[in-house]
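Protein sequences appear in the order of chains A and B.
All residue numbers for the first sequence refer to the numbering used here, where the first residue is 706 and numbers rise by one.
All residue numbers for the second sequence refer to the numbering used here, where the first residue is 706 and numbers rise by one.
Idealized CB from N, CA, C, for every residue including glycine.
In this text, all values refer to a predicted model and were calculated from it rather than measured experimentally.
2 protein chains.
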Amino acid sequence: MAFLIFVWKIIIKERGSGEMAISKKVKGTLIGASWVRRMFEVGDELKRIHGEENVYDFSLGNPNLEPPPSLKKALKELADHPIVGMHRYMANSGYIETRRAIADYLKEESGLPFTENHVIMTVGAAGGLNVTFKSILDEGDEVIVPSPYFMEFKFYIDNNGGEIRLVETHEDFTLNLDEIEKAIGEKTKAILINSPNNPTGVIYSRESLEKLGQLLKRKSQELGRTIYLISDEAYRRIVYDGIKLPNFFHHYPHTIRVTSHSKDLSLPGERIGYVAVSPLCEEADELIGALIFANRVLGFVNAPALMQRLVAPLQRNSVHVRDYEENRDLFYNALTSFGYQVVKPQGAFYLFPKAMIDDDLAFVQELQSKRILTVPGRGFGKPGYFRIAYAVERRKIKGALPGFKEVAETFRTK
Amino acid sequence: MAFLIFVWKIIIKERGSGEMAISKKVKGTLIGASWVRRMFEVGDELKRIHGEENVYDFSLGNPNLEPPPSLKKALKELADHPIVGMHRYMANSGYIETRRAIADYLKEESGLPFTENHVIMTVGAAGGLNVTFKSILDEGDEVIVPSPYFMEFKFYIDNNGGEIRLVETHEDFTLNLDEIEKAIGEKTKAILINSPNNPTGVIYSRESLEKLGQLLKRKSQELGRTIYLISDEAYRRIVYDGIKLPNFFHHYPHTIRVTSHSKDLSLPGERIGYVAVSPLCEEADELIGALIFANRVLGFVNAPALMQRLVAPLQRNSVHVRDYEENRDLFYNALTSFGYQVVKPQGAFYLFPKAMIDDDLAFVQELQSKRILTVPGRGFGKPGYFRIAYAVERRKIKGALPGFKEVAETFRTK
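In structure tokens:
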């Protein structure tokens, strides 16, 4: 118990009060800031105490797979034969060659007339989302987000003057179109959809996207202006069971894809992603101008130059997704056999089971006593659940399963 | 004349009106957005018409020197012997090894007890400034900026709810402490100083920093809270005439250094920099917590991983600054001999001469008729001047001098 108290002290550590000169707004949000990052930090502390090998850290979605060999080869090639000027500034939207490679891929994938002008290279999807919100939001505008959701979205929207408007999903975490319709109003500027979803692993079906597209068209018409559909596709290539991810661009013209190569090419630390605006979007030109401007003035300036070069030819590549799928199978089958209730994920690398007691924080603490790190559902706007990130070595999962079983038995016998 | 009109059309091109759904605020700022970037784009167009060789582009501070061989070697080493996990997420503040290397350097340089905890790795200095403003500003807080100034500062402050408060410098662009004192009031949260300065190339003297430090101490006491000194040192290693750059950390405890390796290691496209908080700053802990939080939620997440590794051991390295100094000498001597009035820069790679007519835009257009690209002073809050960025190949400067001479003669005979 001693280490738990110790660890908990770290978690609830609040910084000294006194007369502080930092932003009051930031100060107010710092404390409840990020459960994911907090658990990551607790994990570091536990690892120091028990040794890395003896801690089962499923807190952060930090891909364990290495980038594909093609990327390593491209890096070596460039290091061996550096190009003069390859580290200099380029246009704020990125290298034309990279944008063209992505546009070609998007064209092939969607059948739509994408050109390099529809693509802006960004500092990951997190950068891309901030750039997108800056481009479209004015003070008080609302962005609808289905919940549970990746809580950083709230900050990205708030940074740029907007307000998040959460809508519940169904029990199985699929889109609840009635709730979305109810939430759309005068202030609605966009809806942000994340599929495959973090934290649930759910993929929204073609049918639901079709209906969503129809709803947005109707509502845009009623409002006399465009509601944007922002599709966060950070996990777009991490898809299982042979499922083909429905293409958002097919169902609504005013669609903005925000994505990165953090997961498909395992480059999260390198901050390389892009924003793509549908060629069917009526305001494409103006929107693209705003995105490029936002990329500049928000201080990103441009996506990292070297990585832009490396990812250009790898648009059809990805890490060995089957590894994640096997992790899912192992984890999902074991957890359900222990009595956990969990929606089977079809993509991403998360499981979002029900906690066996109402208090997800207490449940997560119980798992910690088995040296298992997960994130409470409240960190995703959904208390009573917890998130497991399983982009980890298989033996970590195998090592943790007895702990999951013991905790399940504890609560079953209570 | 024909091409000038053509070029001008590009410059004043405004995007279509109609019922647009992008941010009204962004739309309002898009048009007058950046003279530097506009001139950069005009340059691209001129190059297409006349051929790259025949355009003298001094618009953008895009270093022509290649990174030092040590950096290229480090990149090759890493590409040849990749480290498992080297592209993954790390702590939002960056690798501890990189922060420690920088802290060691800062300690040596300043004699102050810097540790890795005082350093946050950022997406360049532009990222670092946004992170800093997010951390300290609340709605309506003011940041004092001596003018002429790098106009992006205005956006960085505005992005994070603050307001820029410009103060004039002296005729020779040195700090006017009386003006600064007059500007400090209830809303003042920070002063942002950039030395060596963009666009003037001026370095603020030790004496003026000492006086500034005293002023800020007195004013902080009067206000009963800290006024921060933010020191943008993007050009800190680009210093001439054997001058030693005064150390801001010595003159005021509440100092935040924001810098990057864009210029000293010629890596502007890679977006790698850092923020360092003075160990003497009373609120250092809380401020650092806020900076790390801001780095995360603004969507930077962390500075690019690969570059963090590469720059760590190169804190005492830089490009061959003597090349820039020779450019300055050549340019400065020629311009003054043609009759231009210009303060001799002691650092950075800019000259900021007086335009020979009041209308700096007309003057810059006149230079364009000689295929010379510069930026009007209004792009730096100082009409009647123009900026020359001379981090270019020597032969470009030599090629442009006759044009500068002809324009000078045109206006002298008028």
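Next item on the list: Return helix, strand or coil for residue 789 (chain B), following the three-state DSSP convention.
Entry: coil
Check: Out of curiosity, what's the CA-to-CA distance linking residue 1120 (chain B) and residue 873 (chain B)?
Finding: It is not possible to answer for residue 1120 (chain B), since the shown part of chain B is limited to 706 through 1119.
Checklist line | Residue burial classification, residue 1065 (chain A) (beta-carbon count within 10 angstroms, cutoff 16) | finding: buried
Notebook entry, point to check: If contact means a Cβ-Cβ distance below 8 Å, which residues of the region 1021-1041 of chain A contact chain B?
Noted result: Here the close residues number zero.
Checklist line | Alpha-carbon to alpha-carbon, residue 1080 (chain A) and residue 1059 (chain A) | finding: Separation of residue 1059 (chain A) and residue 1080 (chain A) (C-alpha to C-alpha, rounded to the nearest whole angstrom) is 12 Å.
Notebook entry, point to check: Since residue 975 (chain A) meets chain B, which of its residues come closer than 8 Å, beta carbon to beta carbon?
Noted result: Chain B residues near residue 975 (chain A): 792, 1009, 1010, 1011.
Note to self: Is there a C-beta anywhere in chain A that falls below 9 Å from the one on residue 1109 (chain B)?
What the structure shows: no
Next item on the list: Find the nearest neighbour of residue 741 (chain A) within the set A:920, A:882, A:766, A:753, judged by alpha-carbon distance.
Entry: A:766
Next item on the list: Tell whether a beta-carbon distance below 9 Å holds between residue 833 (chain B) and residue 960 (chain B).
Entry: no
Notebook entry, point to check: Can the beta-carbon of residue 777 (chain B) be found less than 9 Å from the beta-carbon of residue 806 (chain A)?
Noted result: Going by C-beta atoms, residue 777 (chain B) is not nearer than 9 Å to residue 806 (chain A).
Notebook entry, point to check: When you compare each of B:1076, B:775, B:1108 to residue 757 (chain B) by their alpha carbons, which one comes out closest?
Noted result: B:1076
Notebook entry, point to check: What residues in the region 929-941 of chain B have a beta carbon less than 9 Å from any beta carbon of chain A?
Noted result: 929, 930, 931, 932, 933
Note to self: If distances are taken between C-alpha atoms only, which option among A:794, A:1033, A:1108, A:913 comes closest to residue 878 (chain A)?
What the structure shows: The option with the nearest alpha carbon to residue 878 (chain A) is A:913.
Next item on the list: Note down the Cα distance separating residue 922 (chain B) from residue 810 (chain B), rounded to an integer number of angstroms.
Entry: 27 Å
Checklist line | Whole alpha helix (DSSP H) elements within the region 780-859 of chain A, 4-residue minimum | finding: Taken in chain order, the unbroken stretches of alpha helix (DSSP H) that lie wholly in the region 780-859 of chain A and span 4 residues or more are 801-815, 829-841.
Check: Is it a yes or a no for the region 1018-1030 of chain B touching the region 980-990 of chain A, going by three-plus beta-carbon pairs under 8 Å?
Finding: no
Next item on the list: Could you run through the region 814-826 of chain A and flag, in chain order, every residue whose CB is less than 9 Å away from some CB of chain B?
Entry: none
Next item on the list: Take the Cβ of residue 1091 (chain A) as the centre, count every other Cβ of all protein chains shown within 10 Å, and call the residue buried at 16 or more, exposed below.
Entry: buried
Next item on the list: Compare the Cα-Cα distances from residue 856 (chain B) to each of B:903, B:896, B:932, B:1001 and report the closest residue.
Entry: Minimum Cα distance to residue 856 (chain B) is reached at B:903.
Next item on the list: May I have the straight-line CA-CA distance separating residue 787 (chain B) from residue 932 (chain B), to the nearest angstrom?
Entry: 45 Å
Check: Who are the near neighbours of residue 957 (chain B) in its chain, counting only those whose CB is closer than 6 Å to its CB and skipping five residues on each side?
Finding: Answer for residue 957 (chain B): 918, 921, 934, listed in chain order.
Notebook entry, point to check: What is the DSSP secondary structure of residue 763 (chain B), reduced to helix, strand or coil?
Noted result: coil
Note to self: Are the CB atoms of residue 892 (chain A) and residue 927 (chain A) within a distance shorter than 9 Å?
What the structure shows: no
Item checked: Rounded straight-line distance, which links the Cα of residue 754 (chain B) to that of residue 858 (chain A) -> Distance between the alpha carbons of residue 858 (chain A) and residue 754 (chain B): 45 Å.
Next item on the list: Mark residue 948 (chain B) as exposed unless 16 or more other C-beta atoms lie within 10 angstroms of its C-beta, in which case mark it buried.
Entry: Note on residue 948 (chain B): under 16 other CB atoms within 10 angstroms of its CB, so exposed under the neighbour-count rule.
Margin query: Using DSSP's beta-bridge definition, name the partner residues of residue 937 (chain A).
Written below: In the DSSP output, where bridge partners are listed per residue, residue 937 (chain A) has A:899, A:963.
Checklist line | Distance between residue 1009 (chain B) and residue 950 (chain B) (C-alpha atoms, nearest Å) | finding: 28 Å
Next item on the list: Tell me whether residue 971 (chain B) is buried or exposed, calling it buried when 16 or more other Cβ atoms sit within 10 Å of its Cβ.
Entry: buried
Item checked: Within chain A, the residues that residue 843 (chain B) reaches when beta carbons sit closer than 7 Å -> 728, 729, 730
Check: Can you round the beta-carbon distance between residue 995 (chain A) and residue 735 (chain B) to whole angstroms, since I take them to be within the 8 Å contact cut?
Finding: Confirmed, about 7 Å.
Notebook entry, point to check: To the nearest angstrom, how far is it from the Cα of residue 866 (chain B) to the Cα of residue 997 (chain B)?
Noted result: Roughly 18 Å between the two C-alpha positions.
Next item on the list: Compare the Cα-Cα distances from residue 1051 (chain B) to each of B:979, B:1029, B:1024 and report the closest residue.
Entry: B:1029
Notebook entry, point to check: Would you say residue 967 (chain A) and residue 953 (chain A) are within 9 Å of each other, going by their C-beta atoms?
Noted result: Inclusion of residue 967 (chain A) and residue 953 (chain A) in the CB contact set at 9 Å is not warranted, their separation being larger than that value.
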